[in-house]
Structures are given as structure tokens and as C-alpha cells.
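Here is the structure we will look at, set down as C-alpha cells.
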Amino acid sequence: MNIHEKSRYHEVHARSLRDPEGFWAEAAREIDWIEPPRKIFDASMGTYGRWFVGGVVNTCYNALDRHVANGRGDQVALIHDSPLANTVSKFTYAEMLREVQALAAVMQDFGVTKGDRVILYMPMVAEAVVAMLACARIGAVHSVVFGGFAARELATRIEDAKPKLIFSASCGLEPGRIVQYKPLLDEAIRLSSVKPETCIILQRPQHGCDLTAGRDHDWGSLRRAALDAGKKAPCVPVLATDPLYILYTSGTTGIPKGVVRDNGGHLVALKWSMFNLYGVKPGEVWWCGSDIGWVVGHSYIVYGPLLHGATSIMYEGKPIGTPDAGAFWRVISEHKAVAFFTAPTAFRAIRKDDPEGTFIRKYDLSKFRTLFLAGERADPPTVEWAEQQLKVPVIDHWWQTETGWCIAGNPVGLGMLPVKHGSPTVPMPGYQVDVVDEAARPVPAGTMGSIVIKLPMPPACLPTLWEQDARFREAYLTEFPGYYKTSDAGYKDEDGYVFVMGRTDDIINVAGHRLSTGGMEEILASHPDVAECAVLGIKDTIKGEVPCGLLVLKAGVTRSPAEVEKDVVALVREKLGPVAAFKLAITVARLPKTRSGKILRGTIKKIADGDTWSMPATIEDPKVLDEIGDALKGRV
């Protein structure tokens with residue numbers, strides 16, 4: 001019997017579309033409700049309906065209190081592993097509950113109540129998880145902004161969310177440098193017309209900061225006083241439809257889009273996903289190598305694993321350089337993680353530094369079962385390399401900040417389906433994923449089009465944008481009536497597998513031919529000397545656009561860049577034909593990326609086209625853009 005025949009996926013997915021209320025009512029039994037929902041789905045509420053209407057619940061209770069009550073108090077809930085600080089700390093469920101109860105009481109002492117907003121501007125430290133859960137405990141709405149984010153970007157989020165309180169820290173740690181947060185926070189508050197009443201600052205031993213009298217308070221002193229006094233804030237009941245958090249994505253208008261996540265649907269979908277999608281059981285160790293500033297960190301460092309009663313690893317480090325390309329394998333081996341979730345770009349970095357996988361063989365990975373990739377398209381050469389080196393299933397899956405959990409994946413807990421390289425596999429329960437043309441008509445299998453999700457969206461997906469209902473409808477629901485627009489392009493094959501080939505903006509028009517940059521990147525990445533690559537369409541007076549490929553070569557490559565560039569041009573011509581008009585490949589030392597590992601293709605395109613561009617707020621290292629500009633001079 002093959003893997004496919006064993007999988008329960010098809011019957012489960014079909015049922016979720018045939019009887020969505022019955023399906024999600026059953027999943028909701030895994031959550032502890034204060035009052036059960038009056039209605040599983042109410043189509044008359046909100047922009048496209050709301051889930052678990054009338055239900056009363058508390059997310060923190062489900063993440064901590066119930067596990068302590070049910071005998072998991074002594075199990076480790078969170079492992080904080082920081083090669084940058086050279087520390088490893090472990091917190092049991094009982095210890096996490098004690099910390100969260102105390103911090104929630106401190107927040108209440110400062111007047112924070114249900115519905116108030118709280119911004120977290122924090123590094124990857126355990127205190128950030130405590131603060132998120134403390135907000136959830138008292139019904140405050142948290143909004144996590146990357147620690148070290150530019151002051152102006154933080155200011156726009158303060159302006160929009162109007163927080164009563166901000167949690168921050170004296171500094172964040174990056175390889176070889178310390179990033180001071182306090183000057184950035186002070187400048188952001190100065191720029192914003194909204195002034196938070198209170199800032200609670202975590203003083204890190206690597207670099208302290210001065211506190212602003214009257215507004216700023218020392219986190220450590222408040223914590224000790226609350227614990228010594230035995231302060232314990234109880235869980236505040238909230239409606240399932242009340243917001244749990246706001247997470248901002250960059251908006252084209254300059255006003256950030258605050259994606260709203262509700263309590264009830266989020267609880268149900270994330271709890272369901274931990275075993276059914278990821279195959280992780282309560283009590284097992286799970287590692288999501290993201291940042292809490294991203295949706296992945298919210299869903300699968302903090303909420304998903306703790307709702308499920310698993311042990312979650314929080315990592316303050318990099319895939320390479322902290323100290324070497326074996327960093328990930330050390331963490332998996334040391335903490336006995338059964339599954340790991342990271343971005344494809346992390347594996348491309350490891351592959352570049354350690355193409356033979358020498359570091360992998362230095363560690364005991366016997367407990368490790370599955371690698372999950374998401375965040376950007378997982379190119380087949382990277383997936384194949386990971387499969388060969390790790391000898392475990394490598395699962396690509398696809399989702400968005402807006403959905404909060406997986407749209408298309410390979411459900412390990414239901415029985416894996418056959419892997420097709422280049423595809424995140426199939427839609428998850430609750431998602432009807434269609435590929436349509438400009439008139440919202442479904443296109444035949446294998447035909448490129450816009451990927452859309454039939455309304456209503458399943459639980460956990462955004463009900464709206466923070467205080468911007470009209471913008472929500474305009475951005476996501478108007479262009480394809482009856483559907484949510486993902487802004488991704490691709491196709492479905494005859495087996496229903498989804499192939500996400502790039503953002504709709506990344507489909508380039510070469511002399512009337514619509515071509516996928518993702519497809520070209522796949523070809524470039526298959527070259528044995530190429531570690532990673534990016535393809536973008538640049539302006540051309542005759543063809544409209546022509547593709548340009550940027551290449552980063554693997555460590556130890558002895559051939560000249562010009563030879564490799566010539567090879568890949570010939571390779572694209574061979575695989576795609578002359579219609580692609582692919583004639584330009586340029587070798588660069590590195591590609592500009594966001595802190596989550598996404599390549600900044602749009603910014604590179606603007607530089608190549610000579611258009612006006614601004615420094616992206618999420619960029620990891622601004623100097624890379626100067627390097628790219630130098631590499632492009634005289635070539636485009």
C-alpha cells in the first residue's frame with residue numbers, strides 16, 4: 001500500500017467543504033469553552049460571516065491553565081535557545097503560568113483592560129511570549145512589531161493601534177552587533193501623535209538603557225514585586241469573535257494593514273493543525289524557527305504548540321554564523337525536536353555554506369521526523385538537497401499572514417500524500433482553492449491564473465483589517481466576487497495539487513507571453529553551482545519586460561561567475577525555449593532579504609529599472625542593496 005492509499009485527506013477535506021459547520025463544531029471540542037458557541041458559522045455577521053458566534057473563551061487559559069490543571073504542569077512548555085546570548089533556558093507549563101499571571105496583573109495595575117491595545121517591540125526572548133499570553137489572559141489586543149524595526153515604521157503602527165502600553169527591551173542581538181531598541185522606541189513615540197501612557201522595558205545584560213521618568217518602568221523590578229506579592233490575574237472571558245491580536249503588513253498606500261485575528265477561530269484551527277497537519281503529539285518537542293514579528297512565530301512558536309500541550313523551541317540565532325552551518329542540527333539534536341518549520345531561504349544559506357552536508361552528520365537526529373518549509377516558494381533543488389541530506393520527508397506548505405495557518409500543505413497526521421517537488425500539495429480542510437482568469441472563471445488544470453479561496457474562509461482567517469473594513473473589502477474581496485484574492489499566481493494539476501509560482505506581480509509579460517519568475521528560478525536553482533537565485537522582469541523598450549537572473553554561488557565553486565552565468569542562460573533556453581528571452585544572468589555576493597528570509601524582488605526591480613525606491617522597513621541588511629546596485633551597473 002502506498003502513502004496515498006493510507007491517507008484520510010480526501011474524505012476529511014471533502015467533508016469540510018460539504019458540511020463545514022459539522023466539521024468545525026467537531027474540531028471545536030478540542031477547545032475549553034467558557035460558554036459554547038451559539039452558532040458555529042453566522043453568514044450574516046462581518047464582511048463574509050463569522051465563526052463560533054456567541055462562544056466565550058480565553059486563549060491563555062487554553063494555552064496554559066488547562067494543561068496545568070490536567071497534569072502537564074511539570075512538562076517543559078518553552079525552551080529558549082540563544083547562541084547569540086550563549087544561554088539555554090527552559091520553562092515548564094506551571095512556571096509559564098506563574099509568570100503570565102504576574103505580568104497580566106502588572107498590566108492591570110497600569111490600567112490595561114479588555115479591548116485595550118498593547119504593542120510588543122521585542123527581541124526573541126522568552127519574556128515576549130509571556131507578554132503575548134498575558135495580553136490574551138486579560139483580553140488586551142496585542143500587536144507585535146519586530147524589535148529593531150525602523151522608528152518611522154513603528155510610529156505608524158503606534159498611530160494606528162493606539163496602544164495604552166508598550167513592552168520593549170534595551171537591545172536585540174544580531175551576529176557581531178547589538179541593536180539598541182530604546183532610541184528607536186523613543187523616536188517612534190516622538191513621531192507619533194498617539195503617546196502610550198506606559199512603557200515596560202526589559203533590561204538585557206548585553207546592553208542597558210536609561211528609562212524615561214514617568215513613562216518607562218523596569219520590567220525586572222515589576223516582575224519581582226508582582227511575584228513577591230503573589231499577584232495573579234485571572235483569565236478574562238472574551239467572545240470568540242473578539243480580536244486576539246493585530247499583525248501589520250506593509251500597505252501600498254503607506255498606511256499599514258492591520259490583519260485582525262479573532263480568539264475562537266484561531267484556537268480551533270491551530271489546535272487542529274498541530275497533529276493533523278504537522279503530525280506532532282502533545283508532549284513532543286516542536287521547533288518553529290521563525291520570529292514572533294511574523295505570523296509564523298505567532299501561530300507556531302507561541303499559540304499552536306502551547307494550545308496542543310507540546311514543547312516549543314524559541315531560537316535567538318541564525319541558520320549560519322551562530323556559530324556555523326550546523327546551528328540548526330545542534331538545536332534539533334540537543335532538544336530532541338521531532339519536527340522543524342523554517343523558511344526555504346534558511347536551507348539555501350546552509351546549502352551554500354555546507355553543500356556536502358558535513359555538519360548534519362555531526363549530530364544525532366534520530367528523533368527528527370519531518371521538515372516543513374514555508375514563507376516563500378520552496379524551489380525543488382533545495383527540497384531535494386534537504387531530502388537527500390536529512391533522509392526525512394521535506395514538506396513545503398503555503399499560507400499567508402492573512403490566513404494565520406496553512407492554505408495548502410501535506411497533512412502528516414492524516415497520512416502523507418505523495419510529494420511533488422514545486423508544489424505545497426493540496427488545500428487544507430475548509431479551503432476551496434481555485435485558479436481563475438481575470439473574469440473570476442476557473443481555468444483548466446495546468447493553466448496559470450490567479451489563486452483564490454472561495455468564501456467563506458475557514459476559521460482563523462482574518463475577518464477584517466483593524467478599523468479598515470472598506471479597505472479589507474477593496475484589497476481582498478472585490479476583484480474576484482465570491483472569492484478571497486491571495487495575490488498569488490499559479491496553477492492546479494490534474495490531481496488537485498496547487499503550484500504557487502509567485503506573487504501576481506512576479507508574473508512578467510514578455511512580448512505578450514505571461515511567464516512565471518518562479519519557474520525560471522527553479523531552472524536556475526537546478527544548476528550545481530547555484531546556491532540561491534532571484535529572477536525579476538526589468539523594463540525593455542521592445543518586449544515590455546525581459547527577465548534578469550541574480551545568482552549566488554555555492555561556497556567552494558572554482559569556475560568563474562561568467563561561465564556559470566553562460567550555463568544558466570543556456571539552461572533556461574533549453575527548458576523554456578527562446579520565448580523566455582532569458583539572456584541576462586548576474587552573479588552577486590548575496591541577495592537582499594527581509595528578516596523572515598523573503599527576497600526583496602520588488603526593490604531589486606526598481607533599482608534595475610532606475611525607478612525611485614525606498615529602503616524597505618523589513619530588510620535584514622541595508623548594505624546589500626548598494627551591492628546589488630553596483631552589480632547591476634553596466635549590465636542592465
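In full-length UniProt numbering, the protein residues as written are 1 to 636.
For every residue, glycine included, the Cβ atom is placed at its ideal position computed from N, Cα and C.
In this structure, DSSP gives Val426 an extended state, which the three-state scheme calls strand.
When the beta-carbon positions are compared, Val588 and Val552 come within less than 8 angstroms of each other.
In the structure shown, the three-state DSSP call for Glu402 is coil. If the five residues before and after Val236 are omitted, its C-beta is found closer than 8 angstroms to the C-beta atoms of Asn58, Lys114, Arg137, Ile138, Gly139, all from its own chain and listed in chain order. In this structure, DSSP gives Ala534 an extended state, which the three-state scheme calls strand.
Between the alpha carbons of Arg66 and Ala150 lies a gap of roughly 39 angstroms. The alpha-carbon of Asp42 is positioned some 14 angstroms away from that of Pro36. With a minimum length of 3 residues, the unbroken runs of beta strand (DSSP E) contained wholly in the segment 84–132 fall at 87–92, 117–122. Counting C-beta pairs closer than 8 angstroms gives three or more between the segment 608–626 and the segment 532–540, which meets the contact rule. For Gly289, the closest C-alpha among the options Asp262, Asn276, Asp228, Leu373 is that of Leu373. When rounded, the separation of the alpha-carbon atoms in Thr425 and Pro418 is 8 angstroms.
DSSP places Val443 outside any alpha helix (DSSP H), giving it a letter other than H or E. Contact between the segment 329–344 and the segment 155–170 is absent: fewer than 3 CB-CB pairs across the two stretches fall below 8 angstroms.
The Cβ atoms of Thr249 and Thr401 lie closer than 8 angstroms to each other. Taking 8 angstroms as the cut-off, the beta carbon of Phe499 is found closer than this to the beta carbon of Ser423. Closest by C-alpha distance to Thr156, out of Leu185, Asp626, Tyr497, is Leu185. Within the UniProt domain "Acetyl-coenzyme A synthetase N-terminal" (9–63), complete alpha helix (DSSP H) segments of at least 4 residues are found at 9–18, 20–27, given in chain order. Within the same chain, and ignoring the five residues on either side of Ala105 in sequence, the residues whose Cβ sits closer than 7 angstroms to its Cβ are Ala226, Lys231, Lys232, Ala233. Closest by C-alpha distance to Ile628, out of Asp210, Arg8, Cys548, Lys575, is Cys548. Taken atom to atom, the span from the alpha-carbon of Leu191 to that of Glu153 is near 10 angstroms. For Thr603, the uninterrupted alpha helix (DSSP H) run begins and ends at 601–609, by DSSP. Here Leu120 is near Val144, since their CB atoms are less than 8 angstroms apart. Distance from the Cα of Arg72 is smallest, within the candidate group Thr311, Val56, Gly449, for Thr311. When the beta-carbon positions are compared, Arg38 and Val53 come within less than 8 angstroms of each other.
Look at His308 here: in three-state DSSP terms it is helix. In the DSSP secondary-structure assignment, Ile178 is bridged to Leu173.
Between the segment 466–482 and the segment 268–277 there are fewer than three inter-stretch CB-CB distances shorter than 8 angstroms, so the stretches are not counted as touching. Less than 8 angstroms separates the beta-carbon of Asp81 from that of Tyr315. DSSP, reduced to helix, strand and coil, places Arg204 within a strand of the structure shown.
Annotation for Ser7: Pro411, Leu414, Gly415, Met416, Leu417 place their beta carbon closer than 8 angstroms to its own, counting only its chain and skipping 5 residues before and after. Under a 10 Å Cβ-count criterion, Lys391 is classified as exposed, with fewer than 16 other Cβ atoms of the shown protein chains found around its own Cβ. For Asp434, the enclosing beta strand (DSSP E) begins and ends at 433–436. In terms of Cβ geometry, Gly49 and Pro458 do not form a close pair [threshold 8 angstroms]. Among the bridge pairs identified by DSSP, Pro196 is matched with none.
Going by C-alpha positions, Trp24 is about 46 angstroms away from Val572. In the DSSP assignment, Lys598 falls outside any beta strand (DSSP E) and carries neither an H nor an E.
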